[in-house]
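Please read the structure below before turning to the comments.
2 protein chains.
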Amino acid sequence: MTDKVRLASVGLGRWARVLARGAGRGDVIDLVSCFSRTEEKRSAFQEEYGIPRAASTYEELLADDEIEGVLVTTPNDTHRGVIEQALEAGKAVYTDKPIANTMEDATAIARAVKASGNVFAVGHSARRLSGARVMQRWLAEGKLGEVSIAEANFSNERGLELTPDNWRWYKSKSPGGPLIQLGVHHADNLQALLGPVKKVNCTTKRLYTDAEIPDATISVLEFEAGMLAYLGCGWASPGVYTLNLLGTKANLFYDLDFTHWDESHLADKYSSLKSQLHGQSERETVDLPATDMFCEQLEEFALAIRGEAKVEVGADEAVRALAVIYAALESDERDGAAVEVAEIIEQAGGIG
Amino acid sequence: MTDKVRLASVGLGRWARVLARGAGRGDVIDLVSCFSRTEEKRSAFQEEYGIPRAASTYEELLADDEIEGVLVTTPNDTHRGVIEQALEAGKAVYTDKPIANTMEDATAIARAVKASGNVFAVGHSARRLSGARVMQRWLAEGKLGEVSIAEANFSNERGLELTPDNWRWYKSKSPGGPLIQLGVHHADNLQALLGPVKKVNCTTKRLYTDAEIPDATISVLEFEAGMLAYLGCGWASPGVYTLNLLGTKANLFYDLDFTHWDESHLADKYSSLKSQLHGQSERETVDLPATDMFCEQLEEFALAIRGEAKVEVGADEAVRALAVIYAALESDERDGAAVEVAEIIEQAGGIG
């Protein structure tokens, strides 16, 4: 590509680096600028990834006509302001998941995106993992038959390590703890595979963490298509990332070694997908073609700016993933009784 | 053993055969008689397992002074009558799980057992599988640390094959379908590992079966000790039997190939237990010493009659396992809101 798509990184922490490396593995994106409030962070980031310039204010970055889109990796509770400003400045926006910290912010972003007409993408990358893609293919080809139960777990030890200087410590900034931080990935994965979730039951417990948030959560998702899913998210155990589908014709069991999540071009190598066909008790290994979720989603975003691709996960999908989490949190308040996802979206003003 | 414990089989279907073979693999039990209402069934069973005599009525069998105990494998909804008669006749009783079809029957049996002082055992054999035993050991030795989330699934394709001539077709005889038939195993396994369940949330769906019962159920168990468990039970997929524990120091993942369940001396060979220690992403295979759950539980029961062993799963444990299932069914009626297990036991008259 001779005329690369010119993007800028906003919020220069660990995740901005993961994305910069992801973009660097492809040949579509040119990171031309970056912004963080701290000058040292800016220069370190510039040096590390060979970014030609940095803006000293966000307004300065948004006024830069060369920049076609921004990659937002600021904390969840700042997404709305950062995104709305960028949209107003006519920039395309890619933001990390979750789309926002609250349903109010999430639906406001969705409405602002629609009003602007700008390209907008949310980093629900996990649905691009080879295991999820092969599952999607098996479903589409009818090889699973009809799914009755799905099982998903995304857990790690973070709750045992949290200290008050981390924003994830606080209930207000990270409601539900592992549920919003990790669970939102599977909320998107499951909806990508099985369609919209209708209602959610949830129980959370704060057991071994010193932080304000729960470290054990179990949610039950009922889909509009009828099937049920278990979603387990904990912050008090060694890392787990599993996704299983039980169908009338076959079961599929996916297991990812999360250690290599950040290096998404390696993630599939450390994953396994096993199938168990009807009438069989043995499980067979299913081939996982190599993918690179971070690189692919960023290139899709960049090409969409030029009208050469379509964004797979936009505001609507991201709002629906977050709404599953908020329905879960609301259910937890109601002793685990079911909460409708549509209600949660409506209460927050809808997505227009 | 020169003086074997003399037992009789009551209800001579498939499960009586599994148990007869289990007893036959040991050297403690002598099956001296049997009873079923159908004469052909009696003579076929006698011939198959070399049983010296058969009773033509249940009363005749119970009047046989040589018989020290009975092995009950009649349908769940007949357990109470069959068991109470045996207790009154002074026999020790072993019954297949669940202890009964309703909480009223279950608690009545528990009270009758106490009043009689007779030896009584319930076939919650699954907790004797090597994987469950090793998990128990890891817990006791502190190798798992503190458990936050447990995951259990027991599912198979039975709902897709049911016809109206099978009692499992009917809601009244098999309430909850896979939940009561399969789930009660894990309700016992989980309580054996993690202590009593405090409350249960549950959602069930009838999706692909023609029968009256649901074929997809997900329950969430909250234990008195605080941790949460997922219990998935379906009747619309190839067979699954999994049991996982997520702890602060390690995770354990157990997977049983259910094909060999009936031949319990082989079950461990077709199982796998994997551990994942803190700070590791790899899973390592844990050795599973050979067990034989059906033989072991029957010999324990037989030796208990002679005062040479203690029954591990008696009426109280079995009532508590069934109460988890009935709490789940009640929760399903309440839109998934939590139901206390203690309430379910109390409402049924308590266990005395």
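The listed protein sequences derive, respectively, from chains Y and H. Residue 1 is where the first sequence starts when you use my numbering, and the numbers rise one by one after that. Residue 1001 is where the second sequence starts when you use my numbering, and the numbers rise one by one after that. The beta carbon of each residue, even a glycine, is placed where N, CA and C say it ideally should be. Please read these numbers as outputs of a predicted model, since none were measured by experiment.
From the beta-carbon of Glu157 (chain Y), the residues of chain H found nearer than 8 Å are Thr1248, His1278. Taking a Cβ-Cβ cut-off of 8 Å, the neighbours of Lys205 (chain Y) in chain H comprise Ser1148, Glu1222, Gly1226, Met1227, Leu1228, given in sequence order. Per DSSP, Asp105 (chain Y) is one residue of the alpha helix (DSSP H) stretching across 103-116. Residue burial is scored here from C-beta neighbours: Lys310 (chain Y) has fewer than 16 other C-beta atoms within 10 angstroms and is therefore classed as exposed. Pairwise C-beta distances place the stretch 150-168 of chain Y in contact with the stretch 205-212 of chain Y, as three or more of them are shorter than 8 Å. Scanning the stretch 1189-1273 of chain H for uninterrupted beta strand (DSSP E) segments of 3 residues or longer gives 1197-1205, 1216-1223, 1228-1234, 1240-1247, 1250-1256, listed from N- to C-terminal end.
Burial state of Lys269 (chain Y) is exposed, judged by a 10 Å Cβ sphere holding fewer than 16 other Cβ atoms.
Ranked by how close their Cα comes to the Cα of Val1028 (chain H), the residues H:Asn1166, H:Ser1036, H:Glu1141, H:Leu1007 have H:Leu1007 in first place.
Residues of chain Y with a Cβ closer than 7 Å to the Cβ of Asp1268 (chain H) do not exist, since the nearest Cβ in that chain sits about 15 Å away. Bridge partners of Leu179 (chain Y) according to DSSP: none are assigned. Excluding five sequence positions before and after Gln46 (chain Y), the CB atoms of its chain that fall closer than 7 Å to its own CB belong to Cys34, Ala54, given in chain order. Interface flag for Val240 (chain Y) against chain H is set, since a Cβ pair is found closer than 8 Å.
The stretch 173-190 of chain Y and the stretch 280-291 of chain Y do not touch, with fewer than 3 CB-CB distances between them shorter than 8 Å. When DSSP states are grouped into helix, strand and coil, Glu1340 (chain H) belongs to the strand group.
For Leu1144 (chain H), there is no enclosing alpha helix (DSSP H), as DSSP marks it with neither H nor E. Ala1337 (chain H) and Gly336 (chain Y) do touch by the CB rule: their CB atoms are close to 6 Å apart, below 8 Å. In the DSSP assignment, Gly1022 (chain H) falls outside any beta strand (DSSP E) and lies within the alpha helix (DSSP H) extending over 1014-1024.
Inter-residue distance for Ala1063 (chain H) and Phe1154 (chain H) is about 40 Å (C-alpha atoms, whole angstroms).
Less than 8 Å divides the Cβ of Tyr1230 (chain H) from the Cβ of Ile218 (chain Y). Spatial neighbours of Ala318 (chain Y) in its own chain (CB-CB distance under 6 Å, excluding positions within 5 residues in sequence) are listed in chain order as Ile99, Val122. Chain-ordered listing is empty here: chain H has no CB closer than 9 Å to the CB of Arg168 (chain Y), the nearest sitting near 17 Å. Taking the C-beta atoms as reference points, Gly1234 (chain H) is found no nearer than 8 Å to Asp1255 (chain H).
According to the DSSP secondary-structure assignment, Asn153 (chain Y) is paired through a beta bridge with Y:Gly232, Y:Thr242. Annotation for Tyr1049 (chain H): the continuous alpha helix (DSSP H) segment containing it runs 1039-1049.
Listed along chain Y, no residue sits closer than 7 Å to Leu1182 (chain H) by beta-carbon distance, the nearest being about 12 Å off. Neighbourhood of Asn1101 (chain H) in chain Y, by CB distance below 8 Å: empty, with the nearest CB roughly 24 Å away. Here Glu1340 (chain H) has Lys1199 as same chain residues with Cβ atoms under 6 Å from its own Cβ, once five neighbours each way along the sequence are excluded. For Val1072 (chain H) and Glu1084 (chain H), the gap between their C-alpha atoms comes out near 11 Å. Identification of residues in the stretch 1335-1349 of chain H having a C-beta nearer than 8 Å to some C-beta of chain Y yields Asp1335, Gly1336, Ala1337, Ala1338, given in sequence order. Looking at Y:Gly314, Y:Ala348, Y:Gln297, the one whose alpha-carbon comes closest to that of Ala23 (chain Y) is Y:Gln297. By the Cβ test, the stretch 1247-1262 of chain H is in contact with the stretch 1125-1132 of chain H, since at least three Cβ pairs between them sit closer than 8 Å.
Under the Cβ criterion of 8 Å, Ile325 (chain Y) is not counted among the residues facing chain H. Between Asn101 (chain Y) and Asp77 (chain Y), the gap from beta carbon to beta carbon is short of 8 Å. Secondary structure at Arg306 (chain Y): coil, using DSSP grouped into helix, strand and coil. Separation of Leu87 (chain Y) and Val113 (chain Y) (C-alpha to C-alpha, rounded to the nearest whole angstrom) is 7 Å.
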